[in-house]
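Step one of this worksheet: look at the structure below.
Residue numbers (my numbering): 15 to 255.
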């Protein structure tokens, strides 16, 4: 139960996401719509929808927008038909990348993703070329809390692991389906996470610094800026001065 939580990278990514808040609503509406389509409109029995709704509340999305997205997903309102696509490839120094998309036009999406890779020093790969290195899991990050108390509460709540780094930053690892329930249970126990999400986490990482880190960040930004891209996951750990 020891390790490195990559908190600096989490903070860095969060700052970049906050800077792009103008596009967040569009991405969240797509996620809510397809989550409701696949698992129904009740967040109590649809963990993916519950997570998407939690993100919507965190970003101050109006309730009417959320409900309309759910209604479009369940068919109660007419809406655009989105499909999910995943692209895999390589970035700077061979770092792995997985790009999750939602689109109503597959031809446009693959062309845009391929262009972003090629223009920024990466290579779009074949299906499965890097997926083996990623694990679907949830995480919650805590700082300035009692380690023993949090560890006990997290494990009692059903967490899969608790990682503590050298600076006392604690990361609670969960299964994707249990993320929202464990987050709620820990909040009820008095532990509020600084950050958290359900993600695809690389099991083997590669550290990039200096010019390589800057080039990799530029590639990630280019992919994230695409309208059809929902999430970008990478095995790169970027070190910035």
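We put the CB at the ideal spot given by N, CA and C, even for glycine.
Residue i burial status per 10 Å Cβ neighbour count (16 or more: buried)
{"i": "residue 180", "result": "exposed"}
{"i": "residue 240", "result": "buried"}
{"i": "residue 226", "result": "buried"}
{"i": "residue 123", "result": "buried"}
{"i": "residue 91", "result": "exposed"}
{"i": "residue 102", "result": "buried"}
{"i": "residue 41", "result": "buried"}
{"i": "residue 206", "result": "exposed"}
C-beta atoms of residue i and residue j nearer than 7 Å
{"i": "residue 222", "j": "residue 252", "result": "yes"}
{"i": "residue 176", "j": "residue 208", "result": "no"}
{"i": "residue 11", "j": "residue 47", "result": "This structure cannot settle anything about residue 11, because the visible part of the chain is limited to 15 through 255."}
{"i": "residue 174", "j": "residue 187", "result": "yes"}
{"i": "residue 110", "j": "residue 147", "result": "yes"}
Residue i versus residue j - alpha carbon distance
{"i": "residue 145", "j": "residue 169", "result": "28 Å"}
{"i": "residue 211", "j": "residue 43", "result": "17 Å"}
{"i": "residue 64", "j": "residue 80", "result": "11 Å"}
{"i": "residue 73", "j": "residue 83", "result": "15 Å"}
{"i": "residue 204", "j": "residue 76", "result": "27 Å"}
{"i": "residue 243", "j": "residue 201", "result": "31 Å"}
{"i": "residue 138", "j": "residue 189", "result": "29 Å"}
{"i": "residue 248", "j": "residue 216", "result": "7 Å"}
{"i": "residue 154", "j": "residue 140", "result": "32 Å"}
{"i": "residue 143", "j": "residue 38", "result": "29 Å"}
{"i": "residue 214", "j": "residue 61", "result": "16 Å"}
{"i": "residue 97", "j": "residue 192", "result": "25 Å"}
{"i": "residue 246", "j": "residue 167", "result": "31 Å"}
{"i": "residue 18", "j": "residue 100", "result": "Note that residue 18 scores a pLDDT of 42, beneath 50, so its modelled location is shaky; the value from the coordinates is reported in the next line. Approximately 28 Å, taken between the alpha carbons."}
Residues that residue i bridges to, as DSSP identifies them
{"i": "residue 227", "result": "Beta-bridge pairing links residue 227 to no other residue."}
{"i": "residue 151", "result": "213"}
{"i": "residue 240", "result": "Looking at the DSSP assignment, residue 240 forms no beta bridge with any residue, so it has no partner."}
{"i": "residue 100", "result": "114"}
{"i": "residue 78", "result": "Its beta-bridge partners do not exist; DSSP assigns none."}
{"i": "residue 252", "result": "222"}
{"i": "residue 188", "result": "152"}
{"i": "residue 177", "result": "185"}
{"i": "residue 138", "result": "103"}
Review point. How about the stretch 95-113 and the stretch 53-69: do they share at least three Cβ pairs that are nearer than 8 Å?
Key: no
Check your understanding: For the 8 Å Cβ check, are there 3 or more pairs between the stretch 160-167 and the stretch 118-131?
Key -> no
Practice item. Determine, using beta-carbon pairs with one atom in the stretch 76-92 and one in the stretch 52-62, whether at least three such pairs fall under 8 Å. Key: yes
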